[in-house]
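For the sequence shown, numbering that gives the first Met the number 0 gives the first residue as 0, with consecutive numbering after it. The structure appears below as structure tokens.
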Amino acid sequence: MMTTTTTASAHCSLSQNNNNSRKLNTESIPSSSLIFRSSLGITSTSGASLSSKGSVGRLCALPGIGDIFSEKQPTPILDTIETPMHLKNLSHKELKQLADDIRSELTFIRNETQKSVKGSMPVVELTIAIHHVFSAPMDKILWDAGDQTYAHKILTGRRSVMHTLRQKNGISGYTSRSESEFDSFGAGHGCNSISAGLGMAIARDIRGKRERIVAVINNESITSGQLFEAMSNAGYLDSDMVVILNDRRQSLHSKQEDAPKTTINALSSAFSKLQSSRLFRKFREAAKGLTKKIGKGMYEWAAKVDEYARGMLGPPGSTLFEELGLYYIGPVDGHNIEDLICVLNQVASLDSTGPVLVHVITTEDKETREEKQIGIPKKDNQDPYELDPQPSNRTQTYSDWFGEALTMEAQLDKDIMVVAAGTGAGMDPSLKFFHDKFPDRIFDVGMAEQHAVTFSAGLSCGGLKPFCIIPSTFLQRAYDQVVHDVDRQKIPVRFVISSAGLVGSDGPANAGSFDITFMSCLPNMIVMAPSDEVELANMVATATCIDDRPVCFRYPRGAIVKSNTSVCHGVPIEIGKGRVLVEGKDIALLGYGSMVQNCLRAQSLLSELGIQVTVADARFCKPLDIKLVRQLCENHSFLITVEEGSIGGFGSHVAQFITLDGKLDGSIKWRPIVLPDNYVEQASPMEQLALAGLTGHHIAATALNLLGRTREALLLMC
0 MMTTTTTASA HCSLSQNNNN SRKLNTESIP SSSLIFRSSL GITSTSGASL
50 SSKGSVGRLC ALPGIGDIFS EKQPTPILDT IETPMHLKNL SHKELKQLAD
100 DIRSELTFIR NETQKSVKGS MPVVELTIAI HHVFSAPMDK ILWDAGDQTY
150 AHKILTGRRS VMHTLRQKNG ISGYTSRSES EFDSFGAGHG CNSISAGLGM
200 AIARDIRGKR ERIVAVINNE SITSGQLFEA MSNAGYLDSD MVVILNDRRQ
250 SLHSKQEDAP KTTINALSSA FSKLQSSRLF RKFREAAKGL TKKIGKGMYE
300 WAAKVDEYAR GMLGPPGSTL FEELGLYYIG PVDGHNIEDL ICVLNQVASL
350 DSTGPVLVHV ITTEDKETRE EKQIGIPKKD NQDPYELDPQ PSNRTQTYSD
400 WFGEALTMEA QLDKDIMVVA AGTGAGMDPS LKFFHDKFPD RIFDVGMAEQ
450 HAVTFSAGLS CGGLKPFCII PSTFLQRAYD QVVHDVDRQK IPVRFVISSA
500 GLVGSDGPAN AGSFDITFMS CLPNMIVMAP SDEVELANMV ATATCIDDRP
550 VCFRYPRGAI VKSNTSVCHG VPIEIGKGRV LVEGKDIALL GYGSMVQNCL
600 RAQSLLSELG IQVTVADARF CKPLDIKLVR QLCENHSFLI TVEEGSIGGF
650 GSHVAQFITL DGKLDGSIKW RPIVLPDNYV EQASPMEQLA LAGLTGHHIA
700 ATALNLLGRT REALLLMC
């Protein structure tokens, strides 16, 4: 364990050693680092501009910035930290220095990996305070959101591998029980930390243990119903646990500048310390006991006075937590280490307190040491932790195309509304265009997917045309509402399923693997998927026209197919009608959604080997184009279905039909290509497709195997 006798000279020595050993020679910098530097307009040591195709950074005019970002800044305190226990004996001054060190480390990680660290920057001091006061892994620390945990990962022995963040075979962007004993529970979609923490607290009490449970939530997750269900149950069970609300001053308010803000001042700081003190808590409990003895009326009157007083001194909404049964403390300045440690120490020292909520205010514009040194100006509403999120020549994505196509439809149809959920803090960038045009026709409900679905159903019942936009992985949380509040009642809600299929560095936590399966099994649901951006616009138009039942369509994360085209009004598609793109006689490839493009790549590879391939775009999983499927079975000896979804999806619907239709009794041989029956871990999009066996080469190899040309299939995969 580290002691406070660490000398300044030792720190200085560490600083010099690290500074010398970590200077980067541009000759040995990986290409990814050079690309990053060029994206900022940073010049090389020779003065020549390091250019990257289509990328010009906003920081190119700043003098000396290349020197700041090209080498790792000294981190003398952080260099002495191997486990959280080493924080115990650090002084407040050293802990402040540690916060600067961690921000420098996060900045370096961001520059090297090109991964956003904006969620972890505001929570650095809070992370330090938690690990200084509590003793993980004996004490259980649970995080609601993965993007808050990078400082936690650095302090818990993973600093040396942070450069592999969200990469293939690297560390996860979320907490993972299999990755570290310090990760008490996996953070995937958020909103689960209080529920899991309460379960751990009850298990602790039953087993007679004494570990402390700490759950960290944030603005995004606090919009979720599960979180309030968990807080209500925690208040009822009255088991000891600490809930920390990391309030980053974010809001679902359409105009952030008009949204209410919780302020921090000397009075609120003093009141927070008073609330958390042992003396105050004992006095309050004694007063409650006394009024109970006097009589029920006196107790209720005293409780109202207590609630009124705390409501007057606390921020708006603070009494809500009290009503749920959590003792509220706050607000606390999330960047004042002394105040954080004082409050958390007092909370941790109390026995039999029941659930406590500590309200911590953090800010996203906290400067890093490097920004202070060179004086980087921050524009209004500019994210200080993003490299350049939307350069003017950024590749257009499916989401961008969808946003523009929907806006065009909304200009023609005043009944079109947008309900967005699960898109994280702030609105999805693809919806900004729609919001600018129709600010009164878009509703961002945050991480409240269940509410989003039923709210959309209500809009539809009121005669409007809601487009309910939810990423595939988050739609899973609202499946009960999809079944009972929409499909069973045949209410025409238009579900837009974004981030469908594999999602690269976000790994299995955000992958959209199951939506084809769980949506296509619903009796009244129309299920479709576009093969390119033009078809996406057509499906927006198609969904607008459907007014007698629910409909859904999915599109992947990533760039569009035809980058030289412009968005135009979509043309409605006949329901349940697929199309043939290429005709051949040897084998048929029936693709669904984005996998049609990989079928076309496979067709190109096979044509070079003299194999004539038919490529068909199914468009619809339900209702299935049975005429097209029959045609493919009758004109070919081999049929391969391809989808970027789990077992039980599009291929299963095709198999069901051709089995009942007797086609499998004849000469047709059918093979499905789907996602493997396991979670595909984080990697680049192409690496994930290769791992899943969904590339054009894999499809072509499957076709060659069916044709008995096994050797050529093996050569194709080499």
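Don't be surprised by glycine CBs; every beta carbon is placed ideally from N, CA and C. No experiment lies behind these values; they were computed from the predicted model shown.
- When beta bridges are read from the DSSP output, H697 appears opposite no residue.
- V123 is a Cβ neighbour of A150, given a cutoff of 8 Å.
- Take K621, set aside five residues on each side of it, and the residues of its chain with a beta-carbon closer than 6 Å to its own are S519 and V526, in chain order.
- With respect to the 8 Å criterion, L623 and V653 are classified as neighbours on the basis of their beta carbons.
- With contact defined as three or more Cβ pairs closer than 8 Å, the segment 507-517 and the segment 540-547 are not in contact.
- Within 10 angstroms of the beta-carbon of A702 lie 16 or more other beta-carbons, which makes it buried.
- As a beta-bridge residue in DSSP terms, G500 pairs with G511.
- By a beta-carbon distance limit of 8 Å, G333 contacts N245. Their separation comes to about 7 Å.
- Collapsing the DSSP output to three states places C717 in coil.
- The count of Cβ pairs closer than 8 Å, one atom from the segment 552-559 and one from the segment 524-538, reaches three, so the stretches are in contact.
- Counting along the chain, the unbroken beta strand (DSSP E) around G329 starts and ends at Y326 to D332.
- Going by DSSP, P465 is part of the beta strand (DSSP E) stretching over K464 to P470.
- Within the same chain, E93, Q96, L97 and D100 come within 6 Å of I76 by CB-CB distance, once the 5 residues on both sides are set aside.
- The residue from H697, S459, I129 and V595 with its alpha-carbon nearest to that of R211 is I129.
- Where M527 is concerned, the enclosing beta strand (DSSP E) starts and stops at I525 to M527.
- Counting C-beta pairs closer than 8 Å gives fewer than three between the segment 708-716 and the segment 174-193, which falls short of the contact rule.
- The three-state reading of DSSP puts N563 in coil, since its state is none of H, G, I, E or B.
- The distance from the Cβ of M446 to that of T174 is about 17 Å, inconsistent with a contact at the 8 Å cut-off.
- Residue pairing by DSSP places L638 opposite A587 and W669 in a beta bridge.
- Within the model, the alpha-carbon separation for S115 versus F637 is close to 46 Å.
- Of the candidates K71, K152, I360 and V160, the residue whose Cα lies closest to the Cα of P121 is I360.
- Annotation for P507: Y678, V679 and E680 place their beta carbon closer than 7 Å to its own, counting only its chain and skipping 5 residues before and after.
- CA-CA distance, T564 to Q72, rounds to 45 Å.
- Exclusion of the five residues before and after E337 leaves H91 as the residues of its chain whose Cβ lies within less than 8 Å of its Cβ.
- If you draw a straight line from the Cα of N335 to the Cα of A214, it is about 20 Å long.
- Excluding residues up to 5 positions away in sequence, L323 lie with their Cβ nearer than 6 Å to the Cβ of S231 in the same chain.
- A distance below 8 Å separates the beta carbons of G592 and E642.
- For V579, the closest alpha carbon among the candidates V595, I672 and C567 is that of V595.
- The C-beta of Q655 has fewer than 16 other C-beta atoms within 10 Å across all chains shown, which makes the residue exposed.
- A233 places its beta carbon less than 8 Å from that of L325.
- Linking S497 to A404 through their CA atoms gives a straight-line distance of about 14 Å.
- Exclusion of the five residues before and after D484 leaves V452, T453, A456 and I490 as the residues of its chain whose Cβ lies within less than 8 Å of its Cβ.
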